[in-house]
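Numbering (this note's numbering), first residue to last: 18 to 502.
Here the structure comes first, spelled out in structure tokens, and everything after it is commentary.
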Amino acid sequence: MLVLTRKAQQTIRVGENVTITILRVKGQSVRVGIEAPRDVHVVRGELPPKDMVEVDLDADTLDTIEVTTTPAVSTKTVRQDRAAETPKGPQAGQNARTKSKPDRQAVPVSHRGLKSQVSARRVRAVMRLNGEPIDDLRRQTLGRSRWLVLGLMVALATVPSLTAHAESGDPTLLIFDTDIGNDIDDALALSVIHALENRDECRLLAVTITKDHPDCAAFVDLVNTFYGRGNIPVGVVRDGKTPKESRFVSETVAATDGGEPRYPHDLKSGEDAPEAVSLLRKVLAESPDDSVVMVVVGFSTNIARLLDSKPDEYSDLSGEELVRRKVRLLSIMAGTFGGDRIDHKEYNVHVDLPAAQKIYERWPTPIVASGWEIGMAIQYPSVSIEEDYNYVDHHPVAEAYTKYQKMPYDRATWDLTSVLYAVRPERGYFGLSEPGTIHVGEDALSKFEEDPQGKHRFVTVNDEQIARVLEALIQLASEPPKASN
């Protein structure tokens with residue numbers, strides 16, 4: 018039996034495939050998560066006081082995950098108790114837990130449509146609240162949402178041609194090109210990237226910005242600094258399409274406490290940052306061949322200019338040749354490819370239409386697009402902003418979120434989906450279209466034409482994947498900075 022200490026945000030790794038996390042300790046209640054990454058089985062649940070969790074790894078295949086509590090309280094019982102018996106007020110949740118005390122039993126979590134053929138292990142999870150730390154197991158700091166009910170999500174089939182690199186175990190080398198400041202989802206997407214880097218799943222090489230306001234670069238730098246990575250280079254567009262100030266960005270950058278900046282950072286203005294294309298050329302030239310994934314979640318301005326760029330001090334190659342040699346995938350949030358609004362003129366496309374057309378006509382490596390309909394189907398919940406970011410007095414992304422619109426509101430996860438696919442293509446979070454070619458017309462509509470030789474695809478989601486993606490994005494976006502940073 019493995020015993021965890023009663024310490025919030027503690028994670029241990031068991032072998033290669035199983036991760037166990039104490040997600041949150043509040044009073045006497047504890048939230049625990051268990052993940053077997055290869056098959057992406059995830060359990061989330063809240064345990065009543067004096068329960069324990071132990072981990073038993075003794076079987077060859079993972080065909081069941083059980084959570085056993087002492088005394089056990091099923092999630093169904095808790096919900097019924099809260100609805101029928103619990104008075105309103107601060108003690109409501111605690112009263113619901115203490116009123117229901119059935120005999121010890123297991124709460125089984127069944128599989129739903131398992132398609133993965135990867136073998137793993139059978140896991141039985143139980144937590145002990147007062148135990149000795151496990152010194153020989155790797156730990157890392159994590160944050161998790163406490164509002165989720167006990168659930169299990171199962172990986173679907175993957176696409177081998179786009180997942181070979183991810184399965185190798187090497188961190189994805191990432192460039193993030195964003196119009197941060199035009200919407201809040203860019204900031205959440207940047208938080209997701211930092212959480213994935215905490216887990217050694219990616220390495221953020223640079224951030225380039227297509228919104229032409231000086232506070233946007235400062236905001237990116239303060240978010241990077243908050244996560245312990247203030248040395249990540251930031252490049253900015255010149256003569257961009259949207260120079261208007263973003264109040265939620267500027268107010269977050271200007272926030273102070275006692276006369277000192279609330280969020281320290283070195284880059285004070287985009288005027289002090291390098292031009293985006295120059296930075297892109299430098300970073301690509303320094304990267305191994307066929308190694309970089311570019312995530313573009315704003316206008317295509319910077320990457321279109323990159324294609325047109327000439328040889329310079331960083332590389333003797335033209336922009337298009339440099340991209341062909343260094344970039345293995347472009348994960349882009351642009352266009353509309355399904356749903357009831359198929360005629361929707363997606364913002365990232367129509368704001369810089371010539372740039373979008375150029376990318377789909379000339380980009381030399383595979384493109385996977387996440388359409389407007391995907392982010393609309395997966396809404397980031399305001400309750401997560403209210404509850405999951407309060408591990409610090411002030412969180413720059415949560416503060417910016419509350420300034421973007423009047424709370425409470427949920428927001429589409431457009432940009433976050435492109436990040437998640439870029440780093441975890443093998444997890445089955447999304448389906449993929451057949452290969453083909455995307456054309457952007459003068460009407461700013463994106464049309465997809467199937468072609469076995471085509472380099473373009475777009476992502477799809479079903480109801481089960483929507484639940485899994487939302488779960489993953491909440492967990493990642495709200496994860497605290499890594500302690501070592």
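Ideal Cβ positions, reconstructed from N, Cα and C, are used throughout, including at glycine.
If you're wondering where the values come from, they're calculated on a predicted model, not measured in any experiment.
Relative to the Cα of Gly-471, the nearest Cα in the group Asp-427, Glu-443, Tyr-377, Leu-433 belongs to Tyr-377.
About 7 Å separates the beta carbons of Arg-220 and Leu-191, which is inside the 8 Å limit, making them a contact pair. Residue Ala-386 holds the alpha-carbon nearest to the alpha-carbon of Glu-363 among Trp-380, Pro-381, Ala-386. Ranked by Cα distance from Pro-381, the first of Gly-247, Ile-391, Arg-342 is Arg-342.
In this structure, Thr-242 sits away from Ala-439, with a CB-CB distance that is not shorter than 8 Å.
When the five nearest sequence neighbours on each side are left out, the beta carbons in the same chain lying within less than 7 Å of the beta carbon of Arg-279 are those of Ala-272, Thr-273, His-411, in order along the chain. His-367: member of the alpha helix (DSSP H) spanning 364-368, first to last residue. Beta-bridge pairing by DSSP links Tyr-397 to Arg-428. Bounds of the alpha helix (DSSP H) holding Leu-487 are 480-494. By the Cβ neighbour-count rule, Asn-319 is buried, with 16 or more other Cβ atoms within 10 Å of its own. In the structure shown, the three-state DSSP call for Asp-307 is coil. Counting only residues of its own chain and dropping the five nearest sequence neighbours on each side, Val-366 has a CB closer than 7 Å to the CB of Ala-351, Gly-352, Ala-373, Val-457, Ala-461, Ser-463. Residue pairing by DSSP places Glu-404 in no beta bridge whatsoever.
When the alpha-carbon of Leu-339 is set against those of Phe-354, Ser-267, Ala-302, the nearest one is in Ala-302.
Going by DSSP, Asp-238 is part of the alpha helix (DSSP H) stretching over 231-243. The Cβ atoms of Leu-205 and Asp-238 lie no closer than 8 Å to each other.
Within the same chain, Glu-390 come within 6 Å of Gly-356 by CB-CB distance, once the 5 residues on both sides are set aside. In the assembly as shown, Gln-492 is a buried residue. Its beta-carbon has 16 or more other beta-carbons within 10 Å.
CA-to-CA, the gap between Val-300 and Ala-223 works out to about 7 Å. Pro-425 and Arg-379 have their alpha carbons spaced roughly 42 Å apart.
In this structure, the CA atom of Gly-276 is about 26 Å from the CA atom of Ile-201.
With the rule of 3 Cβ pairs closer than 8 Å, the region 226-238 does not count as touching the region 322-335.
The count of Cβ pairs closer than 8 Å, one atom from the region 285-300 and one from the region 251-264, reaches three, so the stretches are in contact.
Per DSSP, Ser-450 is not a residue of any beta strand (DSSP E), being assigned neither H nor E. Measuring C-alpha to C-alpha distances from Lys-375 to each of Pro-260, Glu-337, Asp-187, Glu-330 identifies Glu-337 as the nearest.
Listed in chain order, the non-local C-beta contacts of Ser-263 below 8 Å within the same chain comprise Gly-198, Asn-199, Lys-228, His-230, Asp-232, Cys-233, local neighbours out to five positions each way being set aside.
For Glu-481, the closest of Thr-454, Ala-394, His-473 by C-alpha to C-alpha distance is Ala-394. Scanning the region 198-227 for uninterrupted beta strand (DSSP E) segments of 3 residues or longer gives 219-226, listed from N- to C-terminal end. About 4 Å separates the Cβ atoms of Asp-194 and Val-313, confirming a contact at the 8 Å cut-off. Secondary structure at Arg-345: strand, using DSSP grouped into helix, strand and coil.
Around Gly-453, the same chain offers Phe-465, Glu-466, Glu-467, Asp-468, Gly-471, His-473, Arg-474 as residues with beta carbons nearer than 8 Å, after the five sequence neighbours per side are excluded.
Using a Cβ distance threshold of 8 Å, Tyr-331 and Arg-358 do not count as a contacting pair.
Under the DSSP assignment, Arg-322 falls in the alpha helix (DSSP H) whose first and last residues are 318-325.
Straight across, the Cα-Cα distance linking Asp-289 with Gln-422 is about 29 Å.
At the C-beta level, Val-240 and Pro-442 stay beyond 8 Å of one another. For Phe-193, the enclosing beta strand (DSSP E) begins and ends at 189-195.
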